[in-house]
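Residue 238 in our numbering is what sits at position 237 of the sequence shown, and the numbering runs on without skipping anything. Cβ coordinates follow ideal geometry from the N, Cα and C atoms, glycine included. For reference, the structure discussed in these notes is given below.
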Amino acid sequence: MSSTTRKVAVLAASFLLATSPAFALDESGPGCYDAEVLGAKLLTAVCWDCVFPILNSNAVIIGDKDRIPPGAADDKFLGACMCYDNLGVPKFGFRTSFWEPIRLVELERQSGCSSVLGGVRLPFNRLNQGQQQKLSTSDEVGNDGKTYRHYHYYTFPLMYMLDMWVPSRCNPGGYMDLDLLYFSEVDPTWNNDEIAFFTHPEAALIASPLGPIACVPDVFGANVGQPIQQLYWCAGSWGVIFPTSGNVLSREGTMKTTSLMAA
């Protein structure tokens, strides 16, 4: 089954929101704490229901077949498939399909902090410190509605790490352990909206009133588990993904704003 980017992001975000210590912190003093990811939470804090349905060929072993995403491998030839070994010799078999969590997103208010890596502080200066919005009492979103957090992106082949039903040849990307792929502290497009615009100039069109209006169908689709992939700038009821920086204007609270950043 083809795990779309949005679904992987949602799986990663759901794990993050369940493990991040940020929700227990006072807004006035962010710290850098151990999220205890590499421990019992590998089993207790993961959305295991999100892995389903599991299919072998065309038969649903467990789960609801309605959760199969658009664009998944078709069901022709009774689920048969063909792969090539290292020598280029074709091998025939049957598909096993499921949603696999393979990436982890971490959003930190403190520059250089990594709660996923046990609360370690990476050697970055204290510039561009993050902030969480305060809920506004006015009708307009001003500075009190602004959120900024640093973005860390990890490989997280959870099922392979736990030796659960995923052989190395079926591991997407070939990653075998938790590893840091990206951190926003060194990315100027994450810290600055104007620079981010030059990497995604289509944001000018999406910033028009028609951009959010076009997301209305995606809101309904996402709420029933079928987001519209063609509306790539939409993140369901979370909001609009653009601009692709760490600045979000919202009065929706921590859960939705961090989910929007992770998307």
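- With contacts defined as CB atoms closer than 8 Å, Met262 and Val241 fail to qualify as a contacting pair.
- Here Tyr152 is buried, its C-beta having at least 16 other C-beta atoms within 10 Å.
- For Gly212, the uninterrupted alpha helix (DSSP H) run begins and ends at Leu211 to Ala215, by DSSP.
- Contact annotation: Leu179 and Tyr155 have beta-carbon atoms nearer than 8 Å.
- Ser115 is a Cβ neighbour of Val121, given a cutoff of 8 Å.
- With a cutoff of 8 Å on beta-carbon distance, Ile207 and Trp234 are scored as near each other.
- When rounded, the separation of the alpha-carbon atoms in Thr200 and Asp194 is 10 Å.
- CA-to-CA, the gap between Pro210 and Ala236 works out to about 16 Å.
- In the displayed model, Leu44 falls within a helix according to three-state DSSP.
- By the Cβ-count criterion, Leu163 is exposed, with fewer than 16 other Cβ atoms from all chains shown falling within 10 Å of its own Cβ.
- Look at Met165 here: in three-state DSSP terms it is coil, with no helix or strand label.
- Under the three-state reduction of DSSP, Cys33 is assigned to coil, being neither helix nor strand.
- Assignment of Phe93 by DSSP, reduced to helix, strand and coil, places it in the strand class.
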